[in-house]
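Residue numbers (full-length UniProt numbering): 1 to 956.
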């Protein structure tokens, strides 16, 4: 009702009460009239019925039909009487006068003591009993006697009068019609009055609204006169006065506008002059920006050029045999050069971002590989400070995503490097989790957080941390180094990739830097899809660093392995012994240790006990070491450095548990070009650089790869050599005096024919965002930034010449790794006898320790030959010779304390004699016992044990 207009409200107020009153009166009038008509018909019917019953007493008593017919005919003359019927005392009809003679009355309706009314559709029948009246004088004089006598008499019959409803219905319709006409008349009259009143009220309002609309349109000369009463006169007066004031205000405003327009015209002339000045300033700023970009490019070239030589020749020197002191000096030079290169890269990246020239790639990559590469690269710095460096990538995180892997790696590297830099003790943990997943757009939201236990940050430091050239405080740069650009670059990179970055920190309690990525899934194959070969294997794991243990255990359980953690070396040995006693030994023992435990005698004894006495393979997980030649690594079957990489751990476990070299194909592929006996087309390569150090470095690397390489120190010299003979690949420096690299490339392109195209790689220190695209337009096929990386150099040569080059040193290392990896025997899952018992040996030698030592030495000298002979005889199916060899070996073990070898030889000899079905199993167990005995002797000073036992009886 709030949105109703005034006219509608006036109509409702006037019509609703009138309509309600009229309807109520009409209903009351109609109901009263119809009720009176029905009551009148009922009273007349009952009265006529009583009169007929009194008049028909004699006729019914004497059964005089003529008398009854006369009464009936007389009564039919009455209005609304339709028919007359008489019934005998037994309910039979005696006489019926009028229509409807076929209708009968039920016996239940004929009551002796009262009149009955029977209603039908168009009529009502009134049935009255007829009693005989007592005319005796004494009876008439005594009312009580007369009443009792009448009560005892049965009725003579019944008289029925049928009254028609036709006239009653007509009267009813008449009453309804009259009521309806009265109601309609009242409603029409009310509507006429209401409309008249509403117009008298609303017409002035409409006139006022129209006047207001005209004033709104600007017709300020509008005036309104309604003549509708004193209330509207006040409103008219106020509206007219307002129109007059608005007209006056408009005139004043127009005058002010004219004045303001004049002032604005003068201001515009001033602004136009300022715009001209700003245009000149903008051109100067653009020119300054161009000069800055050229300065950055030139400075990048000038700084990277000597760095290229420093880093390159340092790496070459490190590959050569050097004294430890000189190697330390070279490592210091290399680290200092890398720090300087990092600073230059940060400045150039920041310049790219500020100039809006940063271009992100969109290629498929595996997130876990990126994380592992960063952690392995930064592990030496963390382990040098005794920090626990761990990555935790949860199972629900998709591995194959689309994006820029180089920039993601750069952000992770910056954050992890900062965490290591500002953490003195404790751990640095990288966690990757899945926050959200959108199946419609095939995108996910990933959260990567780096948590450290370092110095922490205050709120004031957190507010300015992501600003350029900003660090926690002024002393930070002096203490830890750096430019303060890492976090600023990371923030801009994350925002460019559509994510967010932030931190949570408390002073003195460490920090957590996090960032999110919203990449699209690439749909590649899952890296863990085929890693089911270790499912169900049981592993026992000892780890001193809690978070590393959690990460490794999480990875092992993801592969379906059963992992049992222990807290100490003694508990590990006890658990392995107990499991072997139950014939359910562990497949491998994982032992994670820290730097200060590398030379622990307890751990050495534990590994020796597991490997030799329990025949259980061990895998060491150690921090990054300067050399792998440690006591523990020499005792254990396998060795990996922390943080543990998935593929390396899986391959090592596969070798230790099943004896399978998972990456043997990779070694063969790597050495294939070196071992290829067919002719190989070695590419001819030209290196062009005006800097002697850089040119010498490139030539040294190429010659180390056994390539046919030539050098040129200028563009003219390079062009002369290209004219003399064709080259398969050219490395071209850009900035050279005289003819620069771009002009030289253009002239070489003019020498190319349709059958020969010379690939030219730009060798420059420029690192601006649009450099690659501009170089491609200038005729270059590729781009390699300084300082030169040997890995990138190999990739470029392989890409453009299809030649898989590798240095002689690398090939030697590959073949060395391939040859030295011996086939390992899986762990023994069962409890076994001791490998060697010195006491038993002395006892078998009649208590003479020197004789026992001599017998044991004779057994060892023949053991290796016997092992090879047993294998050869088994392969050639020479059963008799094999039985003779085993029998001889069994006899030798009877005089030495070698319980395990003696039992194995006895079982194989028995199986050979009986042709038992488990001969092959017994043969394998004998060879395993021989291998264990040899391993025990190599790792134990057994001569000293015999001599110690010899001195003990003498002292006693």
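We put the beta carbon where it would ideally sit given N, CA and C, even for glycine. Note that the coordinates shown come from a computational prediction; the quantities given were computed from them, not determined experimentally.
Could you tell me the distance, in whole angstroms, from the CA atom of residue i to the CA atom of residue j?
i, j, result
"residue 180", "residue 35", "17 Å"
"residue 99", "residue 161", "12 Å"
"residue 443", "residue 371", "20 Å"
"residue 923", "residue 931", "12 Å"
"residue 188", "residue 123", "39 Å"
"residue 704", "residue 374", "29 Å"
"residue 505", "residue 791", "39 Å"
"residue 421", "residue 427", "12 Å"
"residue 476", "residue 461", "With a pLDDT of only 45 at residue 476, under 50, the local geometry of the prediction cannot be trusted, and no value is derived from it."
"residue 616", "residue 939", "15 Å"
"residue 508", "residue 423", "11 Å"
"residue 892", "residue 326", "54 Å"
"residue 909", "residue 919", "9 Å"
"residue 13", "residue 4", "12 Å"
"residue 614", "residue 533", "24 Å"
"residue 15", "residue 111", "56 Å"
Per the DSSP calculation, residue i is bridged to which residue(s)?
i, result
"residue 992", "Because the chain here runs from 1 to 956, residue 992 falls outside it and cannot be looked at."
"residue 712", "688"
"residue 262", "Its beta-bridge partners do not exist; DSSP assigns none."
"residue 391", "430"
"residue 400", "366"
"residue 514", "449, 502"
"residue 437", "444"
"residue 780", "Beta-bridge pairing links residue 780 to no other residue."
Reducing DSSP to helix, strand and coil, say where residue i ends up.
i, result
"residue 213", "helix"
"residue 252", "helix"
"residue 364", "strand"
"residue 809", "Caution is warranted here: a pLDDT of 49 is assigned to residue 809, below 50, making its placement in the model unreliable, and the coordinate value is therefore given only provisionally. If DSSP states are grouped into helix, strand and coil, residue 809 belongs with the helices."
"residue 129", "strand"
"residue 102", "The pLDDT assigned to residue 102 is 48, lower than 50, so where the model puts this residue is not dependable, and the model offers no usable value."
"residue 173", "helix"
"residue 158", "strand"
"residue 564", "strand"
"residue 916", "coil"
"residue 877", "coil"
"residue 477", "Unreliable placement is indicated for residue 477, whose pLDDT of 43 sits below 50; the coordinate value is still reported in the next sentence. Of the three classes helix, strand and coil, the one that applies to residue 477 here is helix, per DSSP."
"residue 638", "strand"
"residue 598", "coil"
"residue 93", "strand"
"residue 593", "coil"
"residue 412", "helix"
"residue 422", "coil"
"residue 118", "strand"
"residue 224", "coil"
"residue 603", "helix"
"residue 32", "helix"
Would you mind stating whether residue i and residue j have Cβ atoms separated by less than 8 Å?
i, j, result
"residue 185", "residue 18", "no"
"residue 896", "residue 856", "yes"
"residue 763", "residue 689", "yes"
"residue 796", "residue 761", "yes"
"residue 226", "residue 37", "no"
"residue 314", "residue 282", "no"
"residue 913", "residue 883", "yes"
"residue 722", "residue 759", "no"
"residue 553", "residue 566", "no"
"residue 863", "residue 934", "yes"
Hey, is the segment 239-249 in contact with the segment 261-271, meaning 3+ C-beta pairs nearer than 8 Å? no
Closer than 8 Å is the cut-off here; do at least three beta carbon pairs connect the segment 568-575 with the segment 543-552? no
Does the contact criterion of 3 or more C-beta pairs under 8 Å hold for the segment 772-779 versus the segment 739-757? yes
Counting pairs of beta carbons, one from the segment 504-520 and one from the segment 597-614, are three or more of them closer than 8 Å? no
Stretch pair the segment 359-379 + the segment 422-440: three plus CB contacts closer than 8 Å: yes
Touching or not, the segment 193-213 and the segment 125-132, by the rule of three or more beta carbon pairs under 8 Å? no
Any 3 or more C-beta pairs closer than 8 Å across the segment 21-33 and the segment 89-97: no
Counting pairs of Cβ atoms below 8 Å between the segment 73-93 and the segment 42-57, do you hit three or more? yes
Examine the Cβ distances between the segment 382-393 and the segment 634-654 and report whether three or more of them are shorter than 8 Å. yes
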